[in-house]
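Down below is the structure, laid out as C-alpha cells.
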Amino acid sequence: MLDRNVVLVLRTRQERTERRLRHNKEANPPPMEPPALLLNHNHLYLDLNMNFSENCKQETVRAARKSSNNAPNAGVGEKREHLYKILVIGELGAGKTSIIKRYVHQFFSQHYRATIGVDFALKVLNWDPHTIIRLQLWDIAGQERFGNMTRVYYKEAVGAFIVFDVTRSATLDAVVKWKQDLDSKVQLPDGSPIPCVLLANKCDQHKEGLVNSPNKMDEYCKEKNFSGWFETSAKENINIEEAARFLVNKILQNDQLLKGNGSQDQTDGERFMLNQSPTSTKKSCAC
1 MLDRNVVLVL RTRQERTERR LRHNKEANPP PMEPPALLLN HNHLYLDLNM
51 NFSENCKQET VRAARKSSNN APNAGVGEKR EHLYKILVIG ELGAGKTSII
101 KRYVHQFFSQ HYRATIGVDF ALKVLNWDPH TIIRLQLWDI AGQERFGNMT
151 RVYYKEAVGA FIVFDVTRSA TLDAVVKWKQ DLDSKVQLPD GSPIPCVLLA
201 NKCDQHKEGL VNSPNKMDEY CKEKNFSGWF ETSAKENINI EEAARFLVNK
251 ILQNDQLLKG NGSQDQTDGE RFMLNQSPTS TKKSCAC
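Here the sequence shown is numbered in UniProt numbering, starting from 1 and rising by one per residue.
Below, the structure is given as C-alpha cells:
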C-alpha cells in the first residue's frame, strides 16, 4: 500500500500536469481550417487543398462586381457583362506574376517571391459603351510542371498566356510542353484549343535565341498553333495592355462563333475587331 505522502505527491504532479495542459490549450488554440478563398484587395488567393465548389465561383463573381463599382461609367445604362478565366503559365522566373501586377495594378517590383501553387487577380475592362469584361487572371506556378493539379487549375479557362524569358533560351524550349499540356487539358465547347498568346518577356534586356528573329518567331507561332506573340516587359510596361487586348478580342470572336452570330451580328463583329497588324515588329507580332 502506497504511503500517504507518496499519494499526495503523485496527486500534486497530476494536478500540475492537468493545469499545464489546460493553460497550453487556452494559450494555443487549435488552428482553424484555412478558408478556401481569401479576399485581399483585388487579389484572390487560392488554398492548394481547396475544393472548387460553386461557392468559390460565387465569391469570385461577387468580388469582380465589387471591383467594377469604381470603374468609370459602371452601372450607366444596360451593359452586357462577361467573366473570362485566363491562364498565365510558363517556366519559373519568366515574369508571370510581374506581368499580372503590371496589368492589374500598374505596379512593378524586382523582389517577388516565387508563386506557390496558384493565385489569381481580377481586371475589369470597360470594353465599349455596352460591354463590361471581367478577366480572372490565374497565375500558375512554374514549378507545377504539368502535374495532375493543373487539370483542375485549367478548368473552364477560355484563354491563356504562355510566358518565357528572352534572356534564357531554355524557357522558350519549355514552351512546347506547356502548350501541349494546355491543349490536352482544356478545350472550348466545340473541342477546339483555347486561344493562347505567347509572351516574350523581359524584352528590355539582352535577348537570346529565336526571339531575335521576328520572322522565325512568326513561323514558330504558326507551327505551334499560337494565336499570336508579343515582346513584353513588365518593368518598362511594354505591350502588356496590347497583348491582353489581343487575347480578349480572340475570346470575344470565339464567343460570337460559338453562339452562331458570327455572320449575323455585323455590328458586334465590327465593335470587337482589333487591328492585328503590328505597328512595330520589334515590339509586337501577331500570327
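Where a beta carbon is used, it is the ideal one built from N, C-alpha and C, also for glycine.
message = Is it buried or exposed, R170, if we count other Cβ atoms within 10 angstroms and call 16 or more buried?
response = Note that residue 170 is Ala in the sequence shown here, rather than Arg. With a threshold of 16 other beta carbon atoms within 10 Å, A170 falls short and is exposed.
*Endpoints, alpha helix (DSSP H) assigned at C221*: Residues 214-223.
For this session: Starting from the N-terminal side, write out each stretch of the beta strand (DSSP E) that is 3 residues or longer and does not extend beyond the segment 81-168.
Result: Counting only runs of 3 or more, we get 118-128, 131-140, 159-165.
Grouping DSSP H, G and I as helix and E and B as strand, with all else coil, what is V197?
The answer is strand: DSSP assigns V197 an E or B state.
Quiz item: Does the beta-carbon distance from N254 to I99 come in below 8 Å?
Solution: It is not a contact, given that the beta carbons lie outside the stated cut-off.
ask   = Just how far apart, CA to CA, sit F230 and K177?
value = Looking at the two C-alpha atoms, the distance is approximately 19 Å.
Looking at the secondary structure, which residues open and close the alpha helix (DSSP H) in which E241 lies? Counting along the chain, the alpha helix (DSSP H) containing E241 begins and ends at 240-258.
How big is the Cα-Cα spacing for V211 and T97?
Taken atom to atom, the span from the alpha-carbon of V211 to that of T97 is near 21 Å.
Short of 7 Å in beta carbon distance, which residues of its chain neighbour F226, apart from the five on each side in sequence? Order them along the chain. So the qualifying residues of the chain are C196, V197, L198, C287.
Helix or strand or just coil, what does DSSP make of S184? S184: helix per DSSP, three-state reduction.
| said: If contacts are defined as beta-carbon pairs under 8 Å, then L258 and L188 qualify, I think. What distance do you get, rounded to the angstrom? | reply: Yes, L258 and L188 are in contact; Cβ-Cβ is about 7 Å, under 8 Å.
May I have the straight-line CA-CA distance separating L172 from G95, to the nearest angstrom? For L172 and G95, the distance between alpha carbons rounds to 13 Å.
Look at the Cβ atom of V158, then the Cβ atom of I194, and state whether they are nearer than 8 Å. Yes, the pair counts as a contact, with Cβ atoms nearer than the cut-off.
- N-terminal and C-terminal residue of the beta strand (DSSP E) that E208 is part of: According to the DSSP assignment, E208 belongs to no beta strand (DSSP E), since it is labelled neither H nor E.
- Query: What number of angstroms, rounded off, separates the C-alpha of R102 from the C-alpha of R16?
  - Reply: For R102 and R16, the gap between their C-alpha atoms comes out near 58 Å.
- Task: Starting from G191, follow the beta strand (DSSP E) in both directions and report where the run begins and ends.
- Result: Membership of G191 in any beta strand (DSSP E) is not indicated, and neither H nor E is assigned to it by DSSP.
C-alpha gap between K250 and V186, whole angstroms: Answer to the nearest angstrom: the Cα atoms are 16 Å apart.
> How far does the beta strand (DSSP E) with E78 in it reach, from first residue to last?
Replying inline: Where E78 is concerned, there is no enclosing beta strand (DSSP E), given that its DSSP letter is neither H nor E.
- prompt: E231 by DSSP, collapsed to three states: which one?
  reply: Note: E231 maps to strand in three-state DSSP.
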